[in-house]
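Protein chains in written order, with the numbering used here: chain A, 1 to 110; chain B, 1001 to 1118.
Quick look at the structure:
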C-alpha cells in the first residue's frame, strides 16, 4: 500500500486561506469518511486537528475545517496565522484495522 | 492530564531486537485502543501496530511477523517488541491513544528514537 498523496508544500500570507489536499483510493479515503488530520511543529509530536472527516476536537480553532469528495480529502486553514506554520498530515482508516498516512505538507506563512 | 511516556529506544544492529515501553497516565488505560506510529528520517508517518481493549492486535505488512504489540492494563503500560530489525525501521516511535471514535489518534507521546545501524 502506498501512502496517501499530499502536496509537499503550501504557502500563504497572514489572513489568507489555504487548502491541503489528501488523495487516496477507493480502498481507503473513498471507502470511509474516516480521515483525520494532524499538525506537527518542529521537534514536537503530532496533534490531532480533525477527526472523522470534518470534526474538530475540543480546543482546536474553528479556522481549521475539512471535507471530502470521493477519494480526496481536504483541510482548509482560514485566516492564516504565523502559528499555523507547521507540517500537516492526513490519515485514513483503510479497512481491516489498518491505517494509512499521507506524506505530509509543509505549510509556510509568508 | 493525559500523558504517554515512551522509553526503550536506542542503537541496535541489523537483525537485532528491541522492546519499547509506554507508560500511560491521566486516563483509564484499559478502556482505550492503543497504537504505535513511527516517523522515519524522511518525516513520513507510518502506522505500525494497534491493540484493542480486548487484546486483539493488528499490523501493517511491513512489520507483521517481526513486531509484537502488547499491553499490561494493571501497569497502564503498552509495549512493542521489535525483532529482526532492519535499517528501514530507523525512526522515532510514538505511543498513541486512539480517539473515542476509534479511527483517529487523539494523544501522542513525545516518542523514543530507534536507530538500526551496524
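Note that CB positions come from ideal geometry on N, CA and C, so glycine has one too.
Contact under 9 angstroms by Cβ, residue i with residue j
i: residue 1067 of chain B; j: residue 1081 of chain B; result: yes
i: residue 17 of chain A; j: residue 6 of chain A; result: no
i: residue 1105 of chain B; j: residue 91 of chain A; result: yes
i: residue 1116 of chain B; j: residue 1088 of chain B; result: yes
i: residue 1108 of chain B; j: residue 1037 of chain B; result: yes
i: residue 1026 of chain B; j: residue 57 of chain A; result: no
i: residue 76 of chain A; j: residue 9 of chain A; result: no
i: residue 46 of chain A; j: residue 1094 of chain B; result: yes
i: residue 1053 of chain B; j: residue 1086 of chain B; result: no
i: residue 1010 of chain B; j: residue 1021 of chain B; result: no
i: residue 1111 of chain B; j: residue 1039 of chain B; result: yes
i: residue 111 of chain A; j: residue 42 of chain A; result: The first residue shown for chain A is 1 and the last is 110, placing residue 111 of chain A beyond what the model contains.
i: residue 66 of chain A; j: residue 24 of chain A; result: no
Bridge partner(s) assigned by DSSP for residue i
i: residue 979 of chain B; result: Nothing about residue 979 of chain B can be read from this structure; chain B reaches only from 1001 to 1118.
i: residue 1012 of chain B; result: B:1116
i: residue 1045 of chain B; result: B:1039
i: residue 4 of chain A; result: A:102
i: residue 10 of chain A; result: A:107
i: residue 69 of chain A; result: A:72
i: residue 1050 of chain B; result: B:1035, B:1058
i: residue 1024 of chain B; result: B:1004
Minimum Cβ-Cβ distance from residue i to chain A less than 9 angstroms
i: residue 1058 of chain B; result: yes
i: residue 1110 of chain B; result: yes
i: residue 1047 of chain B; result: yes
i: residue 1065 of chain B; result: no
i: residue 1037 of chain B; result: yes
i: residue 1043 of chain B; result: yes
i: residue 1024 of chain B; result: no
i: residue 1118 of chain B; result: no
i: residue 1050 of chain B; result: yes
Residue span of the beta strand (DSSP E) that contains residue i, given as start and end
i: residue 1093 of chain B; result: 1091-1098
i: residue 1006 of chain B; result: 1003-1007
i: residue 1072 of chain B; result: 1067-1072
i: residue 105 of chain A; result: 105-109
i: residue 47 of chain A; result: 47-50
i: residue 60 of chain A; result: Unbroken run through residue 60 of chain A: none, as it is neither H nor E.
i: residue 87 of chain A; result: 86-93
i: residue 76 of chain A; result: 72-77
i: residue 1032 of chain B; result: From DSSP, residue 1032 of chain B is part of no beta strand (DSSP E); its letter is neither H nor E.
i: residue 1106 of chain B; result: 1105-1108
i: residue 54 of chain A; result: Taken as a continuous stretch (DSSP letters only), residue 54 of chain A belongs to no beta strand (DSSP E), as it is neither H nor E.
i: residue 35 of chain A; result: 35-40
i: residue 23 of chain A; result: 18-23
is_contact[residue i, chain B] using C-beta, thresh 9 angstroms
i: residue 97 of chain A; result: yes
i: residue 48 of chain A; result: yes
i: residue 64 of chain A; result: no
i: residue 73 of chain A; result: no
i: residue 59 of chain A; result: no
i: residue 103 of chain A; result: yes
Contact list for the segment 4-37 of chain A against chain B, Cβ threshold 8 angstroms: The segment 4-37 of chain A vs chain B, Cβ under 8 angstroms: 32, 34, 36.
Listed in chain order, which residues of the segment 1087-1109 of chain B have Cβ atoms closer than 7 angstroms to some Cβ of chain A? 1094, 1099, 1101, 1103, 1104, 1105, 1106, 1108, 1109
Short of 8 angstroms Cβ to Cβ, which residues in the segment 82-93 of chain A face chain B? Of all residues in the segment 82-93 of chain A, the ones placed with a Cβ closer than 8 angstroms to any Cβ belonging to chain B are 87, 89, 91, 93, in chain order.
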